[in-house]
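Trainee: The opening position of the sequence shown corresponds to residue 0 in numbering that gives the first Met the number 0, with each subsequent residue numbered one higher. For every residue, glycine included, the Cβ atom is placed at its ideal position computed from N, Cα and C.
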Amino acid sequence: MSGMEDLVMEYTPTPFALQQVPHGAPVRGELERFIATAFRDRHGAQIGSFMPDLLGMRNVTGELRAAAGYRTAQQERLFLEQYLDQPVETVLAAKLARPVERAQIIEIGNLASNGCRQARHLVSLLPPYLLDRGYTWAVFTATSLVRSVLESVGATLVELAVADSSRVTIGNDMWGAYYRNDPRVMAGYLPDGLHLSPRHRVRH
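Listed below in structure tokens is the structure:
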């Protein structure tokens, strides 16, 4: 398999396609290098740990323009749960004042792009992709820049916690200046994300 046959085309006004890349896929190394380079260039970070499944966003000629990874809460502890005093579903349910099942939650991470335009396209593609796979809540750690990108396309977010670097005990990654960019643990309700548009920038 060349790695291009598994492109997943989503209904979207964007000229991009999502490609699911699990462990062992031929293009896995390309996506990992793309993500590591983005974190090095923006934060001076050195990362070698990646989400179990990665998503590549490619343009019509097959060039990689953005990437992200995901991990399901039902299958394992989430990386961002290190920042929380209770399981993520408990914290989220307390914020919402209603129950949330752990099986509904998916963690997004390893977000990387060639620029804010590509990042906006990627975040507009993620909600329908994840809803089709049975998830209703996405949780993630977002710096101030990532939060601004999400807000610019109309995302409604729930803040769960500040991401405190002193609580990280998993992995050997060196995060550089990442934690100086105000990372916070956030949640987004995926059905609300179906309206996100990379071409409509919300002005505040």
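From this set, Gln45, Arg119, Pro182, Ala102, which residue's C-alpha is nearest Pro130's C-alpha?
Mentor: The residue given as residue 130 occupies position 131 in the sequence shown. The amino acid occupying residue 130 in the given sequence is Leu; Pro does not appear at that position. Here the closest residue by C-alpha is Ala102.
Trainee: Only counting the same chain, and skipping five residues up and downstream in sequence, which positions put a Cβ closer than 6 Å to that of Arg64?
Mentor: As a working mapping, residue 64 is identified with position 65 in the sequence shown. Closer than 6 Å at the Cβ level, and outside the excluded window around Arg64, lie Met56, Asn58, Asn113, Gln117.
Trainee: Would Gly175 and Ala44 be called neighbours here (beta carbons separated by less than 9 Å)?
Mentor: Indexing the sequence shown from 1 puts residue 175 at position 176. Indexing the sequence shown from 1 puts residue 44 at position 45. In contact: Gly175 and Ala44 (Cβ atoms closer than 9 Å).
Trainee: Give the secondary structure of Ala102 by DSSP, where H, G and I count as helix, E and B as strand, and everything else as coil.
Mentor: By 1-based counting over the sequence shown, the position of residue 102 is 103. DSSP places Ala102 in helix when its eight states are reduced to three.
Trainee: Quick test of the definition: if touching needs 3 or more C-beta pairs under 8 Å, does the region 148–164 touch the region 71–89?
Mentor: The region 148–164 and the region 71–89 touch, with no fewer than 3 CB-CB distances between them shorter than 8 Å.
Trainee: Can you pull the DSSP bridge partners for Ala93?
Mentor: Looking up residue 93 in the sequence shown gives position 94. Looking at the DSSP assignment, Ala93 forms no beta bridge with any residue, so it has no partner.
Trainee: Can you tell me where the alpha helix (DSSP H) with Val122 in it begins and where it stops?
Mentor: Counting from one through the sequence shown, the residue named residue 122 turns up at place 123. Going by DSSP, Val122 is part of the alpha helix (DSSP H) stretching over 115–130.
Trainee: So, Gly108 versus Arg70, is the Cβ gap smaller than 9 Å?
Mentor: Residue 108 sits at position 109 when you count from the first residue of the sequence shown. Residue 70 sits at position 71 when you count from the first residue of the sequence shown. It is a contact, given that the beta carbons lie within the stated cut-off.
Trainee: Please list the terminal residues of the continuous alpha helix (DSSP H) segment that includes Leu149.
Mentor: As a first step, residue 149 must be located in the sequence shown, where it is residue number 150. 143–151 is the span of the alpha helix (DSSP H), which, as asked, contains Leu149.
Trainee: Provide the residue span of the beta strand (DSSP E) that contains Thr36, from first to last.
Mentor: Mapped onto the sequence shown, residue 36 falls at position 37. Not the beta strand (DSSP E): Thr36 falls in the alpha helix (DSSP H), residues 27–42.
Trainee: In this structure, does DSSP put Arg70 in helix, strand or coil?
Mentor: Looking up residue 70 in the sequence shown gives position 71. Arg70 falls in the strand class under three-state DSSP.
Trainee: For Ser165, does the count of other Cβ atoms within 10 angstroms reach 16, so buried, or fall short, so exposed?
Mentor: One-based indexing of the sequence shown puts residue 165 at position 166. Looking at its Cβ environment, which holds fewer than 16 other Cβ atoms inside 10 Å, Ser165 is exposed.
Trainee: Within this structure, are the beta carbons of Gly192 and Pro126 separated by less than 9 Å?
Mentor: Locating residue 192 in the sequence shown gives position 193, counting from the first residue. Locating residue 126 in the sequence shown gives position 127, counting from the first residue. In this structure, Pro126 lies closer than 9 Å to Gly192 by Cβ.
Trainee: Which first and last residues belong to the beta strand (DSSP E) in which Arg57 is found?
Mentor: For the purposes of this step, residue 57 is taken as the residue at position 58 of the sequence shown. Counting along the chain, the beta strand (DSSP E) containing Arg57 begins and ends at 52–57.
Trainee: Mark Glu62 as exposed unless 16 or more other C-beta atoms lie within 10 angstroms of its C-beta, in which case mark it buried.
Mentor: Position 63 of the sequence shown, counted from the first residue, corresponds to residue 62. Flag for Glu62 reads exposed.
Trainee: What residues in its chain sit with their C-beta under 7 Å from that of Leu121, if we drop five residues either side in the sequence?
Mentor: Against the sequence shown, residue 121 aligns to sequence position 122. Hits under 7 Å: Met56, Ala65, Ala67, Ser112.
Trainee: Alpha carbons only, please: which of Leu124, Ala96, Leu91, Arg183 is nearest the one belonging to Phe139?
Mentor: Locating residue 139 in the sequence shown gives position 140, where the first residue counts as 1. The candidate whose alpha carbon is nearest that of Phe139 is Arg183.
Trainee: What's the C-alpha gap between Leu144 and Asn180?
Mentor: Within the sequence shown, the letter at position 145 stands for residue 144. Within the sequence shown, the letter at position 181 stands for residue 180. One C-alpha to the other measures close to 8 Å.
Trainee: Name the DSSP beta bridge partners of Trp174, please?
Mentor: Walking along the sequence shown from the start, residue 174 turns up at place 175. Answer is none; Trp174 lacks a bridge partner.
Trainee: Around the Cβ of Arg119, are there at least 16 other Cβ atoms within 10 angstroms (buried) or fewer (exposed)?
Mentor: Residue mapping note: residue 119 aligns to position 120 of the sequence shown, counting from 1. Within 10 angstroms of the beta-carbon of Arg119 lie 16 or more other beta-carbons, which makes it buried.
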